[in-house]
Amino acid sequence: MPKMKIFLDTADIKEIEEFVITGLIDGVTTNPSLIAKSGRDIKEVTKEICALVPNGPVSAEVTAMDYKTMMKEADILRKIADNIAIKVPLTFDGLRACKTLSDDNTMVNVTLCFTANQALLAAKAGATFISPFLGRLDDLGQDGTDLISDISDIYLNYPEFETEILAASIRSPKHVSDVALLGADVVTLPGKVLRAMYTHPLTDKGLDAFEKDWKSTGQSIL
Ligand code: E4P
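Residues in the sequence shown are numbered consecutively from 27, following the working numbering.
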């Protein structure tokens, strides 16, 4: 059975360090907005992220709109480390860049996917990952999980597609369980959603009671 992967959706080194020690993190995704938020140089911060998750893909996004410049940027970004996945937008030029890069054995994450047909084209272009954006569809009053379901059904019809579904724009733990139920291969999460996934008031309440009762025994396991 395939294992569901968890990526961190951040360019914040401290946040990545906070979670990698759990062994739960399989990769990292960044984008131009996350790089801007980090206040860091894209090449420097991306190199540091790649070193923190050496066994997982780290998505670094091109910023150009045209194929030729996208390829120039991708050539620089993919030299940063062996675990770089080049992120390209779901446009004509992005799909063209995806095909060239995947034919050249570079991992590609096709981003800003909002329809099943876009995902179909990304798979045809050899994408390693397709990133459907759930939260942004929900913001428009649509159901982002329907998109994951449609992409999953389409990919299952064509076993030659090797593209993994990377659920992105995740805003809540509910999004995570919804896409896990639909069999998404990967989910990329902001740290706050990951924290919310393991936190529960009844867990905290139960622990308080255990601590109190344990103290009353006067025992020590150590
Ligand atoms: C990840 O690859 C995406 O860039 C990210 O999940 C977008 O999330 P947002 O819609 O919360 O900005």
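Here a beta-carbon is modelled for each residue, glycine too, at the ideal position from N, C-alpha and C.
Name the DSSP beta bridge partners of residue i, please?
i	result
N135	K113 and F155
T225	Beta-bridge pairing links T225 to no other residue.
V71	Paired residues: none, contrary to the question.
S85	T55 and A111
A194	F159
With residue i as the anchor, note down where its alpha helix (DSSP H) starts and where it stops.
i	result
L34	Segment K31 to D35 is the beta strand (DSSP E) holding L34; no alpha helix (DSSP H) there.
E99	Y93 to R104
G161	L160 to D165
T48	T48 -> no alpha helix (DSSP H), and no H or E assigned at all.
F118	F118 to D129
D38	Per DSSP, D38 belongs to no alpha helix (DSSP H) and is neither H nor E.
I247	Unbroken run through I247: none, as it is neither H nor E.
Assign residue i to buried or exposed, taking buried as 16 or more other Cβ atoms, counted over all protein chains shown, within 10 Å of its Cβ.
i	result
Y224	exposed
P80	exposed
D172	exposed
T89	exposed
H201	buried
L248	exposed
L228	exposed
P28	exposed
G152	buried
Going by alpha carbons, who is nearest to residue i out of the options?
i	options	result
T36	V54, F187 and F118	V54
V84	L121, A153 and N109	N109
L50	T214, W240 and K238	T214
D92	P115, E237 and V46	P115
Leaving out five residues before and five after residue i in sequence, what residues of the same chain have Cβ atoms less than 8 Å from its Cβ?
i	result
V212	M30, K31, I32, F33, D52, G53, F155, E190, I191, L192 and A193
Given residue i, which residues of its chain have a CB within under 6 Å of its CB, disregarding the five upstream and five downstream residues?
i	result
A149	F187 and T189
I61	A37 and I68
L163	G170
G161	S195 and R197
Starting from the C-beta of residue i, find all residues in its chain whose C-beta is less than 7 Å away, skip the five residues before and the five after it, and write them out in chain order.
i	result
N20	Here the chain covers residues 27 to 248 and nothing more, so residue 20 does not appear.
D179	none
Residue range of the beta strand (DSSP E) that residue i falls in?
i	result
T214	V212 to L215
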